[in-house]
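Asks: Under numbering that gives the first Met the number 0, read the sequence shown as residues 0 to 453, first letter to last.
Glycine included, every Cβ here is placed at the ideal spot set by N, Cα and C.
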Amino acid sequence: MAKTKTTFFCQNCGANSPKWVGKCPSCGEWNTYVEEIVPTKSKTTQSEPWEKERNQPKPIHEIEFDVQRRLKTGFEEFDRTLGGGIVPGSLVLIGGEPGIGKSTLMLQMAIGLPQVKILYASGEESPEQIRMRADRIGINSQQCYLLSETSVENLLNEVNKLQPQLLIVDSIQTLYTDQLDAAIGSVSQVRECAGKLMKYAKQTGVPVFLIGHVNKDGAIAGPKVLEHMVDTVLQFEGDRHLAYRILRTSKNRYGSTSELGIYQMLEKGLAEVKNPSEVLISPREEGLSGITIGATIEGNRPLLIEGQSLVSPATYGTPQRSTTGFDTKRLNMLLAVLEKRIGIRLSAQDIFLNIAGGIRVNDPALDLAVCAGLFSSFEDAPIDQSICFAGEVGLGGEIRAVNRVDARINEAAKLGFKEIYISSYGVKSLDRSKFKIKIHTYSRLSEAFENLFR
0 MAKTKTTFFC QNCGANSPKW VGKCPSCGEW NTYVEEIVPT KSKTTQSEPW EKERNQPKPI
60 HEIEFDVQRR LKTGFEEFDR TLGGGIVPGS LVLIGGEPGI GKSTLMLQMA IGLPQVKILY
120 ASGEESPEQI RMRADRIGIN SQQCYLLSET SVENLLNEVN KLQPQLLIVD SIQTLYTDQL
180 DAAIGSVSQV RECAGKLMKY AKQTGVPVFL IGHVNKDGAI AGPKVLEHMV DTVLQFEGDR
240 HLAYRILRTS KNRYGSTSEL GIYQMLEKGL AEVKNPSEVL ISPREEGLSG ITIGATIEGN
300 RPLLIEGQSL VSPATYGTPQ RSTTGFDTKR LNMLLAVLEK RIGIRLSAQD IFLNIAGGIR
360 VNDPALDLAV CAGLFSSFED APIDQSICFA GEVGLGGEIR AVNRVDARIN EAAKLGFKEI
420 YISSYGVKSL DRSKFKIKIH TYSRLSEAFE NLFR
């Protein structure tokens, strides 16, 4: 029997230490180090049942590949986030908070591909429980197989017998290998199991999807090396109490990392949102102060997002600054610009800012819409519902140019907006005649407000 030794691993980032430490020197988290048994001598590597021969080096010009071999799932939002479809032999990691819909998304894809043999392996649910969820979504596939297993060796043996064309593992934190004595879900087990599945995917060409849990900070639980091992990392985001979800790509070796898909959680599963701008803007019959529409870019897709601002006198001591879906530090900067450059006193006001739809945006092009909404709520002066905004606000009160302004203007015109406020910088090459919308260009925030609230 091989001798063993103990090592302490950080459950948050995977760093190790020969002794216990209170604060992880790598990620800065407290009380995340746990003791694990690590064998001092690795066991003899055995050949896997799917291995045919050892890999041999080949000249790069002799290696053949087919660009058209990507597997289309039929779900446009999902295919776009992957860069155009599933790449054979790829290892994809999908993370998200509990209850957000990760398992539903994967099960919906599995039963939505009747021509592909798929194995859905779950360590969290029994086949009967998965079948209950599948009945709610609607079963239309005879090629989807269910397996409840937590041993990675047993799983790979069943995979070798079934020979599926796609493998889904729910979740990677529930798998364990007999080669380690560490607990299920520990850093060592997650790393070792992911390594075995990666080896299987690369040697057989079968794509593998791993569902991963997240920690309290929203990052995928387990060692950080897990994200380095996989080919694609997808984050499923959104408020589980609201209907809309965003599938965002944070890493993709086979496509762009700026793509995202938008879904709506319904009773019968997740539905793709083809035109999210129409959904994210609330219909209103009368004008309300503090409501503005901003044109943003999420991935390669232009979106129109509704911002709701509320400014009211602070009654209890220190004024509140509360945001939902927007960076609080960015809001504080914009409030300072409004006080210094526009001359309105907001230091004694409670400020509340909400991005409608439950999504979170980081595009600085929403600055102009946020500033206009704050001023509108402060003066209680509603803004015309046919006006849209796209501009970044600098510390000097200047309106800075944003990228892909033509795409933002087109999206506003397509949804019936009559006017759009943008920066006067960087629009010399813009052909206004091709847009069916009135374009206002300003260089300073004060000039835009003079025309908007006259």
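With a 10 Å radius around its C-beta and 16 neighbouring C-beta atoms as the bar for buried, classify arginine 247 as buried or exposed.
Replies: Sequence index remark: in the sequence shown, residue 247 carries index 248 (1-based). By the neighbour-count rule (16 or more Cβ atoms within 10 Å), arginine 247 is buried.
Asks: Measuring only the C-alpha atoms, how far is isoleucine 91 from methionine 228?
Replies: On the sequence shown, position 92 is the one that residue 91 refers to. On the sequence shown, position 229 is the one that residue 228 refers to. Position check: residue 91 holds valine in this sequence, whereas isoleucine was assumed. Roughly 10 angstroms separates the two Cα atoms.
Asks: In whole angstroms, give me the CA-to-CA distance for glutamine 164 and glutamate 410.
Replies: Position 165 of the sequence shown, counting from 1, holds the residue named residue 164. Position 411 of the sequence shown, counting from 1, holds the residue named residue 410. So the alpha carbons of these two residues sit roughly 39 angstroms apart.
Asks: Rank Arg344, Ala335, Leu367, Thr327 by C-alpha distance to the C-alpha of threonine 295 and give the top, closest one.
Replies: As a working mapping, residue 295 is identified with position 296 in the sequence shown. Of the listed residues, the one whose Cα sits closest to threonine 295 is Leu367.
Asks: Have a look at isoleucine 261 and glycine 356 and give me their C-alpha separation to the nearest angstrom.
Replies: Residue numbering aside, residue 261 sits at position 262 when the sequence shown is read from its first letter. Residue numbering aside, residue 356 sits at position 357 when the sequence shown is read from its first letter. If you take the alpha carbons of isoleucine 261 and glycine 356, they lie about 11 angstroms apart.
Asks: Determine the closest residue to serine 428 out of Ile436, Asp405, Glu446, Ile419, with distance taken between C-alpha atoms.
Replies: On the sequence shown, residue 428 is found 429 positions in, with the first residue counted as 1. Of the candidates Ile436, Asp405, Glu446, Ile419, the one whose C-alpha sits nearest the C-alpha of serine 428 is Asp405.
Asks: Tell me the rounded alpha-carbon separation between proline 275 and leucine 302.
Replies: The residue you call residue 275 lines up with position 276 of the sequence shown. The residue you call residue 302 lines up with position 303 of the sequence shown. If I take the Cα positions, the gap works out to 7 angstroms.
Asks: For glycine 100 and phenylalanine 235, which I take to be in contact (beta-carbon distance under 8 angstroms), what is that distance rounded to the nearest angstrom?
Replies: Start at 1 with the first residue of the sequence shown, and residue 100 comes out as number 101. Start at 1 with the first residue of the sequence shown, and residue 235 comes out as number 236. The Cβ separation is near 7 angstroms, so the contact holds.
Asks: What first and last residue would you give for the alpha helix (DSSP H) that runs through glycine 194?
Replies: Here residue 194 is taken as the residue at index 195 of the sequence shown, counted from 1. 186-203 is the span of the alpha helix (DSSP H), which, as asked, contains glycine 194.
Asks: Give me whichever residues DSSP pairs with isoleucine 280 in a beta bridge.
Replies: As a first step, residue 280 must be located in the sequence shown, where it is residue number 281. BP columns for isoleucine 280 are empty, so no partner.
Asks: Pull up the distance between the alpha-carbon of arginine 190 and that of glycine 83, whole angstroms please.
Replies: Counted from its first residue, the sequence shown places residue 190 at position 191. Counted from its first residue, the sequence shown places residue 83 at position 84. So the two alpha carbons sit approximately 28 angstroms from each other.
Asks: Enumerate in chain order the residues of its own chain whose CB-to-CB distance from isoleucine 350 is below 8 angstroms, with the five nearest sequence positions on each side excluded.
Replies: Translated into the one-based positions of the sequence shown, residue 350 becomes position 351. Once the five neighbours on either side are set aside, the close Cβ partners of isoleucine 350 are Ser308, Leu309, Val310, Pro318, Gln319, Arg320, Ser321, Leu330, Leu334, Leu373.
Asks: Give the range of the beta strand (DSSP E) segment to which aspartate 405 is assigned.
Replies: Here residue 405 is taken as the residue at index 406 of the sequence shown, counted from 1. Premise fails: aspartate 405 lies in the alpha helix (DSSP H), 404-413, not in any beta strand (DSSP E).
Asks: So, do the stretch 206-213 and the stretch 169-176 have three or more beta carbon pairs nearer to each other than 8 angstroms?
Replies: With the cut-off at 8 angstroms, the stretch 206-213 and the stretch 169-176 touch.
Asks: Taking the alpha-carbon of isoleucine 117 as reference, which of Glu127, Thr72, Pro58 has the nearest alpha-carbon?
Replies: Reading the sequence shown from its first residue, position 118 is the one you call residue 117. For isoleucine 117, the nearest C-alpha among the options comes from Thr72.
Asks: Since glutamine 348 and alanine 380 should fall inside the 8 angstroms C-beta cutoff, what is the C-beta to C-beta distance between them, to a whole number of angstroms?
Replies: For the purposes of this step, residue 348 is taken as residue 349 along the sequence shown, with counting starting at 1. For the purposes of this step, residue 380 is taken as residue 381 along the sequence shown, with counting starting at 1. Not quite, the Cβ-Cβ distance comes to about 16 angstroms (not below 8 angstroms), so this is no contact.
Asks: If you drop the 5 nearest sequence neighbours on each side, which residues of the same chain put their C-beta closer than 7 angstroms to that of isoleucine 36?
Replies: Against the sequence shown, residue 36 aligns to sequence position 37. Excluding positions up to five away in sequence, the list reads Thr3, Thr5, Asp180, Ala181.
Asks: On the three-state DSSP scale, how would you describe glutamate 271?
Replies: Residue mapping note: residue 271 aligns to position 272 of the sequence shown, counting from 1. It is a strand residue.
Asks: Nearest by alpha-carbon distance to serine 16: which of Gly27, Glu34, Glu28, Trp29 is it?
Replies: The sequence position of residue 16 within the sequence shown is 17, counting from 1. Of the candidates Gly27, Glu34, Glu28, Trp29, the one whose C-alpha sits nearest the C-alpha of serine 16 is Glu34.
Asks: Going by DSSP, what residue range makes up the alpha helix (DSSP H) through lysine 160?
Replies: If you number the sequence shown from 1, residue 160 lands on position 161. Note, lysine 160: alpha helix (DSSP H), 151-161.
Asks: Could you give the DSSP three-state label for aspartate 362: helix, strand or coil?
Replies: For the purposes of this step, residue 362 is identified with residue 363 of the sequence shown, where counting begins at 1. Coil at aspartate 362, not helix or strand.
Asks: Between glycine 289 and the rest of its own chain, which residues show a CB-CB distance below 8 angstroms, the 5 nearest in sequence each way excluded?
Replies: Indexing the sequence shown from 1 puts residue 289 at position 290. Excluding residues within five positions, the ones whose Cβ falls inside 8 angstroms are Gln307, Ser308, Leu309, Val310, Gly372, Leu373, Ser375, Ser376.
Asks: How close, in whole Å, do the beta carbons of isoleucine 280 and leucine 259 come, if the pair is a contact with beta carbons under 8 angstroms?
Replies: The residue labelled residue 280 in the question sits at position 281 within the sequence shown. The residue labelled residue 259 in the question sits at position 260 within the sequence shown. Wrong, their Cβ atoms sit about 18 angstroms apart, outside the cutoff.
Asks: Going by the DSSP bridge assignment, what does serine 463 pair with across the sheet?
Replies: Absent from the model: residue 463. The displayed extent of the chain is 0 to 453, so no value can be given.
Asks: Span of the beta strand (DSSP E) holding asparagine 251?
Replies: Along the sequence shown, one-based indexing puts residue 251 at 252. From DSSP, the beta strand (DSSP E) with asparagine 251 extends over 243-251.
Asks: Whole-angstrom Cβ separation of serine 140 and leucine 112, contact assumed at under 8 angstroms?
Replies: Indexing the sequence shown from 1 puts residue 140 at position 141. Indexing the sequence shown from 1 puts residue 112 at position 113. Confirmed, about 7 angstroms.
Asks: Could you work out which residue in Leu161, Ala389, Ile358, Gly286 is closest to aspartate 326 when comparing CA atoms only?
Replies: Position 327 of the sequence shown, counted from the start, is the residue given in the question as residue 326. Taking only the C-alpha atoms, the option nearest aspartate 326 is Ile358.
Asks: Closest to phenylalanine 77 by CA distance: which of Gly194, Lys273, Tyr199, Ile136 is it?
Replies: Taking the sequence shown and counting its residues from 1, one reaches residue 77 at position 78. Per the Cα distances, Lys273.
Asks: Determine which residues share a DSSP beta bridge with isoleucine 304 and list them.
Replies: Here residue 304 is taken as the residue at index 305 of the sequence shown, counted from 1. Partner(s): Gly293.
Asks: Do valine 186 and glycine 27 come within 7 angstroms of each other at the CB atom, strictly closer than that value?
Replies: Position 28 of the sequence shown, counted from the first residue, corresponds to residue 27. Position 187 of the sequence shown, counted from the first residue, corresponds to residue 186. Taking 7 angstroms as the Cβ cut-off, glycine 27 and valine 186 do not qualify as a contacting pair.
Asks: Going by DSSP in three states, alanine 355 sits in which element: helix, strand or coil?
Replies: Walking along the sequence shown from the start, residue 355 turns up at place 356. Three-state DSSP puts alanine 355 in coil, outside helix and strand.
Asks: Which residue's Cα is closest to the Cα of glycine 268: Trp29, Ala109, Arg431?
Replies: Locating residue 268 in the sequence shown gives position 269, counting from the first residue. The option with the nearest alpha carbon to glycine 268 is Ala109.
Asks: Which residues share a DSSP beta bridge with serine 419?
Replies: Within the sequence shown, residue 419 is the residue found at index 420, counting from 1. The question names serine, but residue 419 is isoleucine in the sequence shown. Answer is Cys387, Ile438.
Asks: Nearest chain B C-beta to valine 91 closer than 7 angstroms, yes or no?
Replies: The displayed structure is made up of one protein chain only, and chain B is not part of it.
Asks: Going by other Cβ atoms of all chains shown within 10 Å of its Cβ, with 16 needed for buried, is serine 346 buried or exposed?
Replies: For the purposes of this step, residue 346 is taken as the residue at position 347 of the sequence shown. Flag for serine 346 reads exposed.
Asks: Given this structure, state the Cα-to-Cα distance separating phenylalanine 388 from arginine 344, to the nearest angstrom.
Replies: Here residue 388 refers to the residue found at position 389 of the sequence shown. Here residue 344 refers to the residue found at position 345 of the sequence shown. C-alpha separation (whole angstroms): 23 angstroms.
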